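Student: Dropping the structure in here first, questions after.
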Amino acid sequence: MSLIDLGTKTTVSGSPLRIVLKWQGAISGYNDPSVEVAKLSTRLGLTVPSGIDEDGHMTYRSAAVKPYGSRLSLFWSELEEGNSYVIVTLDTADLKDEASFQGLADEVSTILEQSNIKAEWNVSLQGIADQQGGPEGVLSQTEGLLKEQFKAVDEKESYKDVATVSRTYSILDLKRSIVSGNHSVSAQIAVHQEDQHGTNRLTIGFPLITIEY
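Counted from 1, the sequence shown has number -2 at position 12 by the working numbering; the numbering is strictly sequential.
Following this line, the structure appears as C-alpha cells:
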C-alpha cells in the first residue's frame, strides 16, 4: 500500500487530495554556483533563475506548472564558497493522475542523483477524512490501516488539543526515518477538526508531516 493508497482509503471519495513531496540536500565541490543552478534548472525543465543576495547568501528560485496541475519548484542557497543547500518541491493541490505524478517524482530523484546532490525526501498527503466525528477515531482508523501494511508500527510521540490529535511512529519496515525528540520515526498521522459539523482534515507524512495540519 502506497501513501496515495492510504490516502484514498481514508478520505472522501472524489475530494481533493493534496500531496507535497520535497527533496533537500547539499552539493559541494563546484566553482560557480550559477553554472550549477543553470544545469539543474534545465534538467528539471525550469527557467534558469538569476541569483539574489539574501542576508549575505546568494539564492536562486524557479518554479513551473507541470501536467495535471502539479507544480515543481527549486530553491538553491549558497552556504559558503563551493557549498550550497538545495530544496526541490513537487506538489499538487488535487492529485488527478497518480502515474504522471509518480513518474515525475522518479524523474526528479534521478536528476538530483545525477547532479551529485545528496538529497533526503519527505512527503505529506492531506484530504478530508471520510470518517467524521472525533479526530481520535479518524486517527485510529488510519493507524489501523498502517498496521495492516507494516509489521512493526510503534507509537513514539503524541499530541492532542481541543481540535487536533497527532501521533508519530517508528516503522522497522521503512528504510527512511528521521530523529524527532529522542526517537527515530518513519511516519506521522494528524487529524484536525475544522468546524462544528465534525469535518476532519487528515494529514499523513513520511517520515514527518512538513505542511500545516
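Beta carbons: idealized from backbone N, C-alpha and C, even for Gly. Fair warning: this is a prediction, and the values are worked out from it, not measured in the lab.
(1) Would DSSP call TYR54 helix, strand or coil?
(2) Does the stretch 90 to 100 come close enough to the stretch 68 to 76 to have 3 or more Cβ pairs within less than 8 Å?
(3) Return the Cβ separation of GLU84 and ILE(-10) in integer angstroms, given the expectation that the two are a contact with Cβ distance under 8 Å.
(4) Taking Cβ to Cβ, would you say ILE157 is nearer than 8 Å to PHE136?
(5) Can you tell me which of the three DSSP states LEU28 falls into?
(6) Please report the distance separating the alpha-carbon of LEU(-1) from that of SER36.
(7) Determine contact between the stretch 172 to 181 and the stretch 144 to 152, defined as no fewer than three beta-carbon pairs at a distance below 8 Å.
(8) Can you list, in chain order, the residues of its chain whose CB lies under 6 Å from that of VAL139, leaving out five sequence neighbours each side?
(9) Name the one or two DSSP bridge partners that VAL(-2) has.
(10) Tell me whether SER14 is buried or exposed, calling it buried when 16 or more other Cβ atoms sit within 10 Å of its Cβ.
(11) Taking ILE38 as the reference, give the member of LEU32, SER48, ARG29, SER110 with the closest Cα.
(12) From ALA12, LEU7, ILE5, TRP62, pick the residue whose C-alpha is nearest to that of VAL23; which is it?
(13) Considering only their Cβ atoms, is the gap separating THR33 from ALA50 smaller than 8 Å?
Tutor: Per the coordinate set shown:
(1) Here the question's residue 54 lines up with position 68 in the sequence shown. Of the three classes helix, strand and coil, the one that applies to TYR54 here is helix, per DSSP.
(2) yes
(3) In the sequence shown, residue 84 corresponds to position 98, counting from 1. In the sequence shown, residue -10 corresponds to position 4, counting from 1. The pair is a contact, with the Cβ atoms about 6 Å apart (cut-off 8 Å).
(4) Working through the sequence shown from its first residue, we reach residue 157 at position 171. Working through the sequence shown from its first residue, we reach residue 136 at position 150. Yes. Within cutoff.
(5) Counting from one through the sequence shown, the residue named residue 28 turns up at place 42. Before going further, note that residue 28 is Thr rather than Leu in the sequence given. In the structure shown, the three-state DSSP call for THR28 is helix.
(6) To locate residue -1, count along the sequence shown from 1; it is residue 13. To locate residue 36, count along the sequence shown from 1; it is residue 50. Note that residue -1 is Ser in the sequence shown here, rather than Leu. Cα to Cα, the separation comes out at about 42 Å.
(7) yes
(8) Sequence index remark: in the sequence shown, residue 139 carries index 153 (1-based). Closer than 6 Å at the Cβ level, and outside the excluded window around VAL139, lie LEU132, LYS133, TYR155, ILE157.
(9) Translated into the one-based positions of the sequence shown, residue -2 becomes position 12. BP columns for VAL(-2) are empty, so no partner.
(10) Against the sequence shown, residue 14 aligns to sequence position 28. Burial check for SER14: the Cβ neighbour count within 10 Å stays below 16, so the residue is exposed.
(11) Mapped onto the sequence shown, residue 38 falls at position 52. Answer by Cα proximity: SER48.
(12) Stepping through the sequence shown from its first residue, residue 23 is reached at position 37. Here the closest residue by C-alpha is TRP62.
(13) The count along the sequence shown starts at 1 and reaches residue 50 at position 64. The count along the sequence shown starts at 1 and reaches residue 33 at position 47. A contact, by the Cβ cut-off of 8 Å.
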